[in-house]
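What follows is a single structure, written as structure tokens, with notes after it.
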Amino acid sequence: MCLLVYLSKQVRPLLHIPGSDNQLLRHKEKVVVVMGATGTGKSRLSIDLATRFAAEVINSDKMQVYQGLDIATNKITDEERRGVPHHLLGVVADPETDFSAGNFRAVASISMRSILGRGHLPIIVGGSNSFVEALVDMNFQLRYDCCFLWVDVGMPVLHSFVSDRVDKMVERGMIDEVRDFYRPNADYSRGIRRAIGVPELDEFFRVESFCDDETRARILAEAIDSIKSNTSRLSRRQLEKIHRLRNIKGWRMHRLDATDVFRKRGGEAEAAWENTVAGPGAALVSRFLYDMEPAPAVVCGGVAAAMRGVGRPLMATATH
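Numbered according to the numbering used here, the sequence shown spans residues 5 to 324.
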């Protein structure tokens, strides 16, 4: 098999011109950003990519940065991570703290420099597009060359999947998990209590000890329906934001249509994922890292950041 060793730390100026901004003449570090609405498979793709390339993942989901509520916030599990290092996942201990887009930009920038310093590829993944937008400003574009992958699923298909996923989260223990976070006078506009699934269950927790079984079941069913509806609304807002970033801000994205994956089951779904998402995504990243072809970039003010970093692999053969 081939071992690809990517030399990503190339930041010395190519040429010094007195009075010029040498930053524009540098090889730029490379970063992959995986975007998409909730439930589309962003985390799965990030792991597939990270296991094919020497990569580490930076979480950009604003609720998953907090500790706790792993089921309600749908955090990727240790098993699902498959040994891939993750950053900014479950790191904020105070549930009342507001972790802002500015906080994310500062901490994610440190994580990126650390990852690149190890010769690895940073993969930024999550549904909080406001966090990604805050990170990818003009200064970021001068330092980094970005490949944007957008995992998309048709909304009717995605809404059906989201509904089923909420049911599975309930089966896994989401109600008890959120109950542990319940406080009678909690502020649902701050911290992790903003997460979908927490405010919707407030009424149920208030009355569950004082009502009969039928009433309790009805109120819980209504809360679960609200969780499903609010998750579907979130997915629509996220998709609208992606379209805005692409069409108005000029972000160039590679769209990977995963709709067919969600229509299939078992082995057929696995094959569809590899054929329509994981395989094409890996091919795009490989070209982005190792070829001199134009790569996806952000266009700001009508001017593309055109300088591309060139990272050529060292090829070696090995047998097992």
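For each residue, glycine too, the CB sits at the ideal point set by N, CA and C.
Please list the terminal residues of the continuous beta strand (DSSP E) segment that includes W154. Y148 to D156
Using three-state DSSP, classify R183 as helix, strand or coil. helix
From E60, I80 and V38, pick the residue whose C-alpha is nearest to that of R256; which is it? V38
Contact under 8 Å by Cβ, A76 with V182: For the pair A76 and V182, the CB atoms are nearer than the 8 Å cut-off.
If you drop the 5 nearest sequence neighbours on each side, which residues of the same chain put their C-beta closer than 6 Å to that of Q170? For clarity, residue 170 is Val in the given sequence; the question names Gln instead. So the list reads I231 and K232, once near-sequence residues are dropped.
When you compare the CB positions of V35 and P160, do they come within less than 8 Å of one another, or not? Contact flag unset, no.
Just the Cα atoms here: how many angstroms apart are A221 and T81? 30 Å
Check whether the region 121–138 touches the region 46–57, taking contact to mean three or more Cβ pairs, one atom from each stretch, closer than 8 Å. yes
Sequence ranges, alpha helix (DSSP H) only - wholly within the region 44–112, length at least 4: Whole alpha helix (DSSP H) segments, 4+ residues: 46–56 and 82–85.
For L260, list the residues DSSP reports as bridge partners. V155
Where P188 sits in the DSSP three-state scheme: coil
Using C-beta distances below 7 Å, list every residue in its chain close to R250, excluding the 5 sequence neighbours before and after it, in chain order. Closer than 7 Å at Cβ, skipping near neighbours: M257.
Could you say which of H31, D74 and D264 lies nearest to D156 if we only look at CA atoms? D264
Stretch pair the region 277–291 + the region 102–119: three plus CB contacts closer than 8 Å: no
Would the region 203–212 and the region 135–147 be scored as touching if the rule is three or more Cβ pairs under 8 Å? no
Which word fits R197, buried or exposed, when buried means at least 16 other C-beta atoms lie within 10 angstroms of its C-beta? buried
A299 to L293 span [Cα, whole Å]: In this prediction, A299 has a pLDDT of 42, which is less than 50 and means its spatial position is unreliable; what the coordinates show is noted afterwards. If you take the alpha carbons of A299 and L293, they lie about 9 Å apart.
Could you pull out every residue in the same chain whose Cβ sits closer than 7 Å to the Cβ of R86, ignoring the five residues on either side in sequence? Excluding positions up to five away in sequence, the list reads I51 and T55.
Pick from D217, R176, T101 and I246: whose alpha carbon is nearest that of A190? T101
In the DSSP assignment, what residue or residues form a beta bridge with L125? A59
By the 10 Å Cβ neighbour count, where 16 or more other Cβ atoms means buried, how is H247 classified, buried or exposed? H247 sits exposed, since fewer than 16 C-beta atoms from the chains shown fall within 10 Å of its C-beta.
Tell me which residue opens and which closes the beta strand (DSSP E) that K34 is part of. E33 to M39
Kindly list the residues whose CB is nearer than 6 Å to the CB of P4, restricted to its own chain and excluding five residues on each side of it in sequence; keep chain order. What the structure shows of the chain is the stretch from 5 to 324, and residue 4 is not part of that stretch, so it cannot be assessed.
Counting only the same chain and skipping the five closest in sequence on each side, list residues whose C-beta sits under 7 Å from that of R194. E100 and D102
Nearest-angstrom Cβ-Cβ length linking L73 and A227, presumed shorter than 8 Å: L73 to A227, Cβ: 15 Å. No contact.
So what does DSSP say about I114, is it helix, strand or coil? helix
Residue burial classification, M173 (beta-carbon count within 10 angstroms, cutoff 16): buried
Does the beta-carbon distance from L243 to A41 come in below 8 Å? yes
Could you check which residue in A105, G201 and R176 has the C-alpha nearest to that of Y186? G201
How many Å lie between D149 and E33 at the Cα? 6 Å
Whose CA, out of S164, L288, Y192 and A273, lies closest to the CA of D229? Considering only alpha carbons, the answer is S164.
Less than 7 Å separating the Cβ of V182 from some heavy atom of the ligand MG? This structure lacks the ligand MG, and indeed carries no ligand of any kind.
Rounded C-alpha distance that separates Q71 from H91: 13 Å
Look at the Cβ atom of C151, then the Cβ atom of L288, and state whether they are nearer than 8 Å. Yes.
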